[in-house]
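Colleague: For the sequence shown, the positions run 51 to 526 when our numbering is used. For each residue, glycine too, the CB sits at the ideal point set by N, CA and C. I am attaching a structure below and will ask some questions about it afterwards.
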Amino acid sequence: MRGARAAAALLVLACTACAPKIKYEAPAAPTAPEFKENADWKPAQPRDADVRGPWWDVFGDATLASLEQRVDVSNQTLKIAEAQFAQARALVRGARANRFPQVTAAPSASTARSSANRAVATFHDPFTDIVVPLDASYEADVWGRLRGIVEASRTAAQATAADLETARLSLHAELAIDYYALRGLDRERQLLDAAVDAFAQALDLTQNRFRGGLASGADVAQAETQLETTRVQAVDVGVQRAALEHAVAALVGEPASTFSLPPLPLDAAPPGVPVGVPSELLERRADVAAAERRVASAFAQVGVTQAAYYPVLTLSGAVGFESSSFGSLLSSASAFWSAGPAALVNVLDFGRRRAANEQARAAYDAAAAAYRETVLSAFREVEDQLAALRVLEQEATIQDRAVAAAERSLALANNRYRGGVASYLEVITAQSFALGNERAAVNLLTRRMTATVLLLKGLGGNWRAATLPTVASSLE
Numbered sequence: 051m052r053g054a055r056a057a058a059a060l061l062v063l064a065c066t067a068c069a070p071k072i073k074y075e076a077p078a079a080p081t082a083p084e085f086k087e088n089a090d091w092k093p094a095q096p097r098d099a100d101v102r103g104p105w106w107d108v109f110g111d112a113t114l115a116s117l118e119q120r121v122d123v124s125n126q127t128l129k130i131a132e133a134q135f136a137q138a139r140a141l142v143r144g145a146r147a148n149r150f151p152q153v154t155a156a157p158s159a160s161t162a163r164s165s166a167n168r169a170v171a172t173f174h175d176p177f178t179d180i181v182v183p184l185d186a187s188y189e190a191d192v193w194g195r196l197r198g199i200v201e202a203s204r205t206a207a208q209a210t211a212a213d214l215e216t217a218r219l220s221l222h223a224e225l226a227i228d229y230y231a232l233r234g235l236d237r238e239r240q241l242l243d244a245a246v247d248a249f250a251q252a253l254d255l256t257q258n259r260f261r262g263g264l265a266s267g268a269d270v271a272q273a274e275t276q277l278e279t280t281r282v283q284a285v286d287v288g289v290q291r292a293a294l295e296h297a298v299a300a301l302v303g304e305p306a307s308t309f310s311l312p313p314l315p316l317d318a319a320p321p322g323v324p325v326g327v328p329s330e331l332l333e334r335r336a337d338v339a340a341a342e343r344r345v346a347s348a349f350a351q352v353g354v355t356q357a358a359y360y361p362v363l364t365l366s367g368a369v370g371f372e373s374s375s376f377g378s379l380l381s382s383a384s385a386f387w388s389a390g391p392a393a394l395v396n397v398l399d400f401g402r403r404r405a406a407n408e409q410a411r412a413a414y415d416a417a418a419a420a421y422r423e424t425v426l427s428a429f430r431e432v433e434d435q436l437a438a439l440r441v442l443e444q445e446a447t448i449q450d451r452a453v454a455a456a457e458r459s460l461a462l463a464n465n466r467y468r469g470g471v472a473s474y475l476e477v478i479t480a481q482s483f484a485l486g487n488e489r490a491a492v493n494l495l496t497r498r499m500t501a502t503v504l505l506l507k508g509l510g511g512n513w514r515a516a517t518l519p520t521v522a523s524s525l526e
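The structure is reproduced here in structure tokens:
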């Protein structure tokens with residue numbers, strides 16, 4: 051008996067030595083030493099080399115921070131992603147359970163009578179059979195098939211965890227974009243309301259001049275047209291603002307009917323963002339981490355299909371009691387047991403295993419290509435927003451000069467009109483240019499804030515791949 055056990059142990063060790071061993075390595079991804087669009091661009095407010103704490107804190111906006119905190123608690127899209135991660139974790143636990151012995155119990159009691167007309171008749175009397183068995187089976191994972199299944203499910207669960215963080219970042223960024231777009235509209239409404247007040251005063255002045263014979267009826271009509279047109283524009287801003295307010299309500303998980311944000315005109319310049327170097331994106335982007343984990347999962351699945359070429363070795367046993375009556379069921383004479391190994395060898399499958407292996411290898415190649423594409427997209431998104439911030443900053447500087455020039459032109463036109471040396475058309479033209487340039491400046495500021503949010507999103511916020519769940523933490 052001992053010799054048989056020793057032989058079985060040696061056989062298992064020999065099979066293990068023959069098992070295929072392939073080490074996983076993450077696919078190589080193209081990187082650059084620095085961001086091209088960041089070479090000559092310096093943030094207005096240099097900060098540390100990394101975003102610390104919630105990434106939206108760089109804006110220093112308490113209202114935005116309070117809204118962002120509600121996303122993690124109440125957003126339903128995020129709840130869906132969290133539930134999907136919980137499913138993935140359960141799959142890992144299920145895969146790990148296959149590596150342990152499976153023990154089952156199936157007690158039964160039956161009464162039967164054999165036919166006396168059977169070809170081999172034993173007895174014709176009814177009999178009772180009571181069985182209380184305990185069966186155990188264990189698959190010896192000498193080829194790594196079960197380990198590969200566990201690894202595939204574990205890395206897939208890590209990818210799902212990274213997907214959760216990608217969804218979280220996207221929702222937070224969407225909220226920040228909607229919030230600053232709303233604040234930009236508040237600033238635009240403030241400008242339009244101020245213009246309405248100024249145009250109303252100009253209409254009063256023109257009407258007084260008309261009554262004094264110093265202005266024509268055409269001047270009065272033009273002033274009135276300018277005033278009412280601007281009022282329409284001010285009212286129309288409310289349509290976009292309401293839609294953005296409703297969008298923010300949905301993001302924080304509150305019905306639009308019960309949610310409101312008080313007007314808060316946008317006036318702060320966008321903060322400086324620590325960009326770092328391109329190679330850091332491989333650790334800072336959750337979508338890149340998810341793509342890499344899916345490559346690892348596909349790689350593990352290749353190993354599973356390779357293990358299918360080898361026999362499945364199973365150790366099984368049974369123990370229990372069987373008797374024709376309950377009284378003698380637990381006696382020593384009623385005990386039974388059995389134990390022994392078994393091997394399942396797939397002798398002929400007409401290429402089924404080869405097809406499965408080729409399919410797994412193709413899936414790995416696709417996952418690797420998707421990983422590299424995700425890395426390239428990450429670099430592109432960061433470069434896009436760096437370029438946008440650089441160009442928009444230059445544009446804002448020029449726009450500020452245009453606003454100042456338009457205000458001077460308007461002041462001169464008003465003075466010339468009061469002095470009787472210019473028509474009211476000159477005043478209206480100057481008013482239109484001044485208001486248009488002020489609204490353009492607000493639009494540029496809103497676009498700069500949006501580009502800053504998108505840059506932070508492109509950089510991965512404050513996430514790190516090191517925070518992915520592992521076996522020792524929350525994955526199993």
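Hey, out of Pro183, Ala406 and Pro151, whose CA is closest to alanine 348's CA?
Modeller: When only C-alpha atoms are compared, the closest one is Ala406.
Colleague: Tell me the residue span of the alpha helix (DSSP H) that contains glutamate 118.
Modeller: Per DSSP, glutamate 118 belongs to the alpha helix (DSSP H) from 112-124.
Colleague: Between glutamine 283 and the rest of its own chain, which residues show a CB-CB distance below 8 Å, the 5 nearest in sequence each way excluded?
Modeller: Contacts found: Leu242.
Colleague: If you draw a straight line from the alpha carbon of phenylalanine 85 to that of alanine 112, how long is it in whole angstroms?
Modeller: Roughly 31 Å separates the two Cα atoms.
Colleague: Which same chain residues end up closer than 8 Å to threonine 127 when comparing Cβ atoms and leaving out the 5 residues on each side of it in sequence?
Modeller: Once the five neighbours on either side are set aside, the close Cβ partners of threonine 127 are Ala217 and Leu221.
Colleague: By Cβ distance, which residues of its chain are closer than 7 Å to alanine 244, with the 5 residues on each side in sequence left out?
Modeller: Contacts found: none.
Colleague: Based on the DSSP secondary-structure assignment, which residues constitute the bridge partners of alanine 186?
Modeller: DSSP lists Val153 and Gly367 as partners of alanine 186.
Colleague: With the cut-off set at 8 Å, would you say leucine 225 and valine 298 are in Cβ contact?
Modeller: For leucine 225 and valine 298, yes; Cβs fall inside 8 Å.
Colleague: Within 10 angstroms of its Cβ, does glutamine 444 collect 16 or more other Cβ (buried), or is it exposed?
Modeller: Exposed, by the Cβ-count rule.
Colleague: Which residues share a DSSP beta bridge with glycine 390?
Modeller: Per DSSP, Ser366.
Colleague: Judging by CA-CA distance, which residue of Gln409, Ser473 and Leu494 is the nearest neighbour of glutamate 438?
Modeller: Reading off the sequence shown, one finds alanine at residue 438, where the question assumed glutamate. Residue Leu494 is the option with its Cα nearest to alanine 438.
Colleague: So which of Arg422, Ala293 and Asp337 has the shortest CA-CA distance to glutamine 208?
Modeller: Ranking Arg422, Ala293 and Asp337 by Cα distance to glutamine 208 puts Asp337 first.
Colleague: Where DSSP assigns a beta bridge to serine 158, which residues make up the other side?
Modeller: According to DSSP, which records beta bridges pairwise, serine 158 is partnered with Val181.
Colleague: Please find out if some non-hydrogen atom of the ligand GDP comes closer than 7 Å to the beta-carbon of alanine 385.
Modeller: In terms of ligand content, the structure shown is empty, and the ligand GDP therefore cannot be addressed.
Colleague: In the structure shown, what three-state DSSP assignment does serine 373 receive?
Modeller: Note: serine 373 maps to strand in three-state DSSP.
Colleague: Assess contact between the segment 292-311 and the segment 250-266, defined as three or more Cβ pairs (one per stretch) separated by less than 8 Å. Is contact present?
Modeller: No, the segment 292-311 is not in contact with the segment 250-266.
Colleague: Within 10 angstroms of its Cβ, does lysine 507 collect 16 or more other Cβ (buried), or is it exposed?
Modeller: Answer is buried; the Cβ neighbour count reaches 16.
Colleague: Grab the span of the alpha helix (DSSP H) containing leucine 379 for me, first residue to last.
Modeller: Element bounds for leucine 379: n/a, residue is neither H nor E.
Colleague: Contact between the segment 284-295 and the segment 474-493 is defined here as three or more beta-carbon pairs at a separation below 8 Å; is this criterion met?
Modeller: The segment 284-295, when compared against the segment 474-493, does not touch it at the 8 Å Cβ threshold.
Colleague: In three-state DSSP terms, what is arginine 497?
Modeller: It is helical.
Colleague: Here's the rule I'm using: 16 or more other beta-carbon atoms within 10 Å means buried, otherwise exposed. How should threonine 210 be labelled?
Modeller: The residue is buried, with at least 16 neighbouring Cβ atoms inside 10 Å.
Colleague: State yes or no: is the C-beta of alanine 138 within less than 8 Å of the C-beta of alanine 206?
Modeller: The answer is yes: Cβ separation under 8 Å.
Colleague: Can you tell which of Ala186, Pro324 and Thr154 has the C-alpha that lies nearest to the C-alpha of leucine 365?
Modeller: Of the candidates Ala186, Pro324 and Thr154, the one whose C-alpha sits nearest the C-alpha of leucine 365 is Ala186.
Colleague: Inspect the CB distances between the segment 189-203 and the segment 110-125 and report whether three or more fall short of 8 Å.
Modeller: Too few Cβ pairs lie closer than 8 Å, so no.
Colleague: What number of angstroms, rounded off, separates the C-alpha of arginine 97 from the C-alpha of glycine 322?
Modeller: Low per-residue confidence applies at arginine 97: pLDDT is 43, beneath 50, and the placement is therefore not dependable, though the value from the model is reported in the following sentence. Rounded to the nearest angstrom, the two C-alpha atoms are 7 Å apart.
Colleague: Cutting at 8 Å between CB atoms, please list the residues of its own chain near alanine 67, excluding the five before and the five after it.
Modeller: Reliability of the predicted coordinates at alanine 67 is poor, the pLDDT of 46 falling under 50, and the value obtained from them is presented with this limitation in mind. Hits under 8 Å: none found.
Colleague: Can you list, in chain order, the residues of its chain with a C-beta nearer than 8 Å to that of glycine 470? Leave out the 5 residues immediately preceding and following it.
Modeller: Around glycine 470: Leu264.
Colleague: Please return the same chain residues whose Cβ sits closer than 6 Å to the Cβ of arginine 344, not counting the five positions on each side in sequence.
Modeller: So the qualifying residues of the chain are Ala209 and Ala417.
Colleague: Contact check, alanine 420 vs arginine 498 under 8 Å by CB: the rounded distance?
Modeller: With a Cβ gap of about 33 Å, alanine 420 and arginine 498 do not count as contacting.
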